[in-house]
Amino acid sequence: MPRRILLTPLFAVTLFVSAALLFWSQPMVAKLLLPMLGGTPSVWNTCLLFFQTLLLAGYAYALFASTRLSVRQQTIVQIALLLTAATVLPIRLSENAVAGVPRTGDPTLWLLIRLLLVVGLPFFVLSTSGPLLQRWFSHTRHEAASDPYFLYAASNAGSLLALLGYPLLLEPFFDLRQQSWLWSYAYAALVGLFMLCALALWRSGETTATNAATEQDEVSGTLPDEKLTNWRRLCWTTLAFVPSSLMLGVTTYISTDIASLPLLWVIPLGIYLLTLILAFARRQLVPRSLVARVMPGATIVLVLVYLSGATQPALFLALLHLLYLFIAALSCHGQLADDRPATRHLAEFYLWVSVGGALGGVLHAIVAPALFNSIVEYPLAILLAVWLRPRARKQQQKPPLQLKIGTDEALLNPEESEVRRRFGWRDLWLPLTAGLLTVVLAALVQSLDLPALERAALMLGPPLIFSLFFKRSHLRFTLAVGAVMLASVLSTNFGRETLFVERNFFGVVRVARGAEGEQHFLYNGSTLHGRQYTALDRQCEPLSYYHREGPLGALFEIYNQQPASPPVAVVGLGTGATAAYTRPQQHWTFYEINPAVLSLARNPDYFTYLLHCAAAPVDVVLGDARLQLQHAPDKHFGLIVLDAFSSDAIPVHLMT
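Residue numbers (our numbering): 140 to 795.
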């Protein structure tokens with residue numbers, strides 16, 4: 140009995156340490172690579188895609204091992220893999236890798252290959268630990284062996300602690316080299332813990348079984364129907380996909396439209412993990428019915444603020460999006476936890492969950508930038524989340540899971556659902572009414588001189604409130620909110636015609652023409668990054684942040700009075716408006732990371748500051764300014780202007 144009592148803390152601590160190492164490595168490796176590629180949200184999204192894909196590979200191996208190998212064989216192979224991965228430690232980036240950073244083009248492939256070489260093997264081995272350790276625990280004689288899902292909470296707690304502890308306790312006090320060595324020492328401790336788990340398992344005498352169900356296993360399911368159908372697997376994947384997609388969407392939105400801060404993406408990922416902990420806890424700390432009740436209202440508020448394009452107050456907006464991520468992710472993860480299968484299907488369950496998470500990464504890092512010219516994947520994830528919300532009533536044990544697939548009463552079991560019912564006429568005209576109301580109100584408010592949020596409230600408030608009247612119908616409510624979103628996008632340029640839009644690794648760049656055609660505007664995301672008069676006699680007048688009566692004008696009025704004219708560096712090109720301050724005998728160098736911005740600044744159909752307004756030679760260097768400036772001679776520039784804005788804030792990593 141004493142030995143059995145020690146099994147729970149032993150396996151829990153091993154899972155905790157393994158998960159902590161797994162999520163400690165993510166910000167550490169991202170911090171190692173992110174500065175080389177400009178610190179854009181796409182860098183982290185690509186990193187997360189890599190981590191999710193390796194997690195999927197690890198779960199696939201765990202499923203293979205648990206079905207093809209005996210428990211003793213599993214432990215031997217796992218320890219061998221752990222020792223093999225230790226040979227590539229500590230985690231580091233070679234000088235050749237630094238020299239090979241692509242200066243132009245899409246660096247996604249380079250980043251994925253570099254991640255594989257730097258941390259691929261250790262991360263893969265760690266990703267196998269969760270399902271394997273839980274499977275091993277189920278083969279012990281412990282009284283809780285029939286339902287080891289509680290260990291999942293220990294795993295997620297380790298993940299969350301690592302994510303929160305990294306920016307608070309590790310990153311401020313240790314450089315990357317020291318962090319890598321500390322990580323290696325912790326990894327060595329984990330190998331020892333795995334050996335203890337293997338020893339405990341061997342002593343239990345349950346080391347020859349593979350996937351054959353034990354008597355306990357047959358009755359351990361929390362739900363009566365333990366048949367695994369393809370429909371049920373699809374639902375697991377979908378419920379895992381939506382939170383993953385939302386997490387990446389929130390990360391991109393906050394980093395692009397609100398502020399660019401190092402490790403800011405840790406917060407959405409931490410919330411994502413927190414919802415997993417709450418969902419798989421033994422006690423339901425947040426009622427599913429409460430989540431279902433607040434989701435429609437939370438969706439209305441979020442959509443209203445999101446479509447307004449507001450960027451201030453930044454803290455309020457960030458908290459609003461993070462709160463919605465918490466609610467929606469808890470909704471999906473709660474349904475996953477309610478539908479968890481018996482222990483014999485544990486590895487496959489985690490495999491399909493990881494498939495959904497990886498698909499979210501694929502959508503945001505690869506598919507969406509290639510297919511869409513704007514950020515549409517985040518609004519789509521919001522709609523999916525509110526469509527899949529649980530019922531707003533007390534939880535009932537109904538096989539196998541109450542998942543909303545467009546109807547009020549749909550179950551995962553298609554034979555028992557209303558998925559097959561006809562698409563009713565109300566399902567069509569009610570959402571269309573909401574969309575048409577949005578179009579009419581948009582036409583009425585365009586002439587009003589109001590702040591963006593107030594104008595959006597007048598235009599979007601009534602149709603969104605109208606949608607709430609049929610929130611009990613998941614399909615109608617979701618379609619109505621989607622119709623409002625679509626109508627808003629199609630009708631609310633507020634007098635500005637879009638001339639050009641392009642999306643690439645570095646974000647979405649858009650050029651618009653003013654209502655009277657007298658100005659062109661440059662946007663990065665939803666933030667204005669410069670404008671220019673179209674009239675020839677006024678084209679060289681810098682506008683927006685750059686006007687001559689502002690701080691930049693005052694700066695160059697003093698700087699250009701110097702008898703000598705040292706070279707000037709400008710980090711961030713934008714429209715090229717800063718070139719209007721050049722003087723003869725000077726030499727200016729612009730540093731721009733986004734090739735789309737450079738193309739627009741040199742295109743006379745959009746902006747002409749570089750072509751017509753520069754009074755001195757102007758060079759443009761394409762690439763990350765922090766890396767490119769290293770090639771400039773010491774004390775070469777007399778002035779360096781930082782103009783690489785993300786939203787209304789300078790990226791903090793540029794201040795280093």
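C-beta atoms are modelled at their ideal positions from N, C-alpha and C, and glycine is treated no differently.
Since we're looking at a predicted model, the values are computed, not measured.
How close, in whole Å, do the beta carbons of Q725 and V707 come, if the pair is a contact with beta carbons under 8 angstroms?
In the sequence shown, counting from the first residue as 1, residue 725 sits at position 586. In the sequence shown, counting from the first residue as 1, residue 707 sits at position 568. Contact flag correct, Cβ pair sits at about 6 angstroms.
Alpha carbon to alpha carbon, what distance is there between L171 and V182?
Residue 182 sits at position 43 when you count from the first residue of the sequence shown. Residue 171 sits at position 32 when you count from the first residue of the sequence shown. Approximately 11 angstroms, taken between the alpha carbons.
I'd like to check one pair, G331 with A158: are the Cβ atoms closer than 8 angstroms?
In the sequence shown, counting from the first residue as 1, residue 158 sits at position 19. In the sequence shown, counting from the first residue as 1, residue 331 sits at position 192. Result no, Cβ atoms of A158 and G331 do not sit closer than 8 angstroms.
Return helix, strand or coil for W183, following the three-state DSSP convention.
Walking along the sequence shown from the start, residue 183 turns up at place 44. W183 falls in the helix class under three-state DSSP.
Do L367 and A595 have their beta-carbon atoms positioned less than 8 angstroms apart in this structure?
Working through the sequence shown from its first residue, we reach residue 595 at position 456. Working through the sequence shown from its first residue, we reach residue 367 at position 228. Cβ distance not < 8 angstroms, so A595 and L367 don't count as in contact.
Buried or exposed for I410, going by 16 or more other Cβ atoms inside 10 Å?
One-based indexing of the sequence shown puts residue 410 at position 271. With 16 or more other Cβ atoms within 10 Å, it is buried.
Would you call the region 455-466 in contact with the region 368-375, where contact means no fewer than 3 C-beta pairs closer than 8 angstroms?
Not touching, per the Cβ criterion.
In this structure, what does DSSP give as the bridge partners for T728?
Working through the sequence shown from its first residue, we reach residue 728 at position 589. Partner(s): A708, D758.
Where does Y672 sit, in a helix, a strand or coil, going by DSSP?
The residue given as residue 672 occupies position 533 in the sequence shown. Strand.
Just list the beta strand (DSSP E) runs in the region 626-665, keeping only unbroken ones of 3 residues or longer that don't cross its boundaries, in chain order.
Complete beta strand (DSSP E) runs here, min 3: 636-643, 646-652, 658-663.
Spatial neighbours of E555 within its chain, please: C-beta separation below 8 angstroms, excluding the five flanking residues on both sides.
Sequence index remark: in the sequence shown, residue 555 carries index 416 (1-based). For E555, the predicted model reports a pLDDT of 40, less than 50, meaning its position is unreliable; a value from the coordinates is still stated below. Excluding positions up to five away in sequence, the list is empty.
Grab the span of the beta strand (DSSP E) containing I779 for me, first residue to last.
Here residue 779 corresponds to residue number 640 of the sequence shown, with the count starting at 1. 778-781 is the span of the beta strand (DSSP E), which, as asked, contains I779.
Answer with buried or exposed for I230, where buried requires no fewer than 16 other C-beta atoms within 10 angstroms of its C-beta.
Here residue 230 is taken as the residue at index 91 of the sequence shown, counted from 1. That one is buried.
Tell me, please, which residues DSSP counts as bridged to L667.
As a first step, residue 667 must be located in the sequence shown, where it is residue number 528. Per DSSP, Y662.
Under 8 angstroms, Cβ to Cβ, is there at least one residue of chain D near S704?
Among the chains of the structure shown, chain D does not appear; only one protein chain is present.
I believe T637 touches Q658 by the beta-carbon criterion, under 8 angstroms. Please report the beta-carbon distance rounded to the nearest angstrom.
Here the question's residue 637 lines up with position 498 in the sequence shown. Here the question's residue 658 lines up with position 519 in the sequence shown. Going by Cβ atoms, the distance from T637 to Q658 rounds to 14 angstroms, so no, they are not a contact pair.
Give the straight-line distance between the Cα atoms of G646 and P602, rounded to the nearest whole angstrom.
Taking the first residue of the sequence shown as position 1, residue 646 is located at position 507. Taking the first residue of the sequence shown as position 1, residue 602 is located at position 463. G646 and P602: Cα-Cα distance of roughly 30 angstroms.
How about F695 and Y730: are their beta carbons less than 8 angstroms apart?
By one-based count along the sequence shown, residue 695 stands at place 556. By one-based count along the sequence shown, residue 730 stands at place 591. The answer is no: Cβ separation not under 8 angstroms.
Report yes if the C-beta distance between P407 and T395 is below 8 angstroms; otherwise report no.
For the purposes of this step, residue 407 is identified with residue 268 of the sequence shown, where counting begins at 1. For the purposes of this step, residue 395 is identified with residue 256 of the sequence shown, where counting begins at 1. Not closer than 8 angstroms, so no.
If you scan the region 559-627 from start to end, which runs of the alpha helix (DSSP H) of 4 or more residues do you find wholly inside it?
565-584, 591-607
Starting from M434 and walking both ways along the alpha helix (DSSP H), at which residues does that stretch end?
Position 295 of the sequence shown, counted from the first residue, corresponds to residue 434. It spans 427-447 - the alpha helix (DSSP H) in which M434 sits, taken as one unbroken run.
Near L250, which residues of its chain fall below 6 angstroms by C-beta distance, leaving aside the five closest residues on each side in sequence?
Here residue 250 refers to the residue found at position 111 of the sequence shown. Within the same chain, L250 has close Cβ partners T185.
Any idea if N295 is buried or exposed, counting beta-carbon neighbours within 10 angstroms, 16 or more meaning buried?
Position 156 of the sequence shown, counted from the first residue, corresponds to residue 295. Buried, by the Cβ-count rule.
In this structure, does DSSP put I514 in helix, strand or coil?
In the sequence shown, residue 514 corresponds to position 375, counting from 1. Note: I514 maps to coil in three-state DSSP.
Using 8 angstroms as the Cβ pair cut-off and three pairs as the minimum, do the region 431-438 and the region 482-494 touch?
no
Can you list, in chain order, the residues of its chain with a C-beta nearer than 7 angstroms to that of R722? Leave out the 5 residues immediately preceding and following it.
For this step, residue 722 is matched to residue 583 along the sequence shown. The beta carbon of R722 sits closer than 7 angstroms to those of N699, S704, A754, A755, all from its chain and outside the five residues before and after it, given in chain order.
Using only CA atoms, which one of D314, N512, A169 lies nearest to V258?
Here residue 258 refers to the residue found at position 119 of the sequence shown. When only C-alpha atoms are compared, the closest one is A169.
Can at least three beta-carbon pairs, one atom from the region 510-528 and one from the region 255-270, be found at a separation below 8 angstroms?
no
Please report the distance separating the alpha-carbon of T714 from that of A651.
Walking along the sequence shown from the start, residue 714 turns up at place 575. Walking along the sequence shown from the start, residue 651 turns up at place 512. Spanning the two alpha carbons is a distance of roughly 12 angstroms.
Classify S359: buried if its beta carbon has 16 or more other beta carbons within 10 angstroms, exposed otherwise.
For the purposes of this step, residue 359 is identified with residue 220 of the sequence shown, where counting begins at 1. In this prediction, S359 scores a pLDDT of 41, lower than 50, which makes its location untrustworthy; no coordinate-derived value is stated.
Pick out whichever of V709, I505, N733, Y748 has its Cα sitting closest to the Cα of L778.
Along the sequence shown, one-based indexing puts residue 778 at 639. Of V709, I505, N733, Y748, the residue nearest in Cα terms is V709.
What did DSSP end up calling C752 once you bin it into helix, strand or coil?
Residue 752 sits at position 613 when you count from the first residue of the sequence shown. The three-state reading of DSSP puts C752 in helix, counting H, G and I together.
Give me the Cα-Cα distance between E680 and G621, rounded to the nearest whole angstrom.
The sequence position of residue 680 within the sequence shown is 541, counting from 1. The sequence position of residue 621 within the sequence shown is 482, counting from 1. Their Cα atoms are separated by approximately 42 angstroms.
Among T747, R483, G664, which residue has its Cα nearest to the Cα of E641?
As a working mapping, residue 641 is identified with position 502 in the sequence shown. Of the candidates T747, R483, G664, the one whose C-alpha sits nearest the C-alpha of E641 is G664.
In terms of alpha-carbon separation, which member of L290, E487, L315, A337 lies closest to W375?
Within the sequence shown, residue 375 is the residue found at index 236, counting from 1. Among L290, E487, L315, A337, the Cα nearest to that of W375 is on E487.
Output the distance between the C-alpha atoms of R649 and G499, rounded to the nearest integer angstrom.
Here residue 649 is taken as the residue at index 510 of the sequence shown, counted from 1. Here residue 499 is taken as the residue at index 360 of the sequence shown, counted from 1. In a straight line, the C-alpha of R649 is about 25 angstroms away from that of G499.
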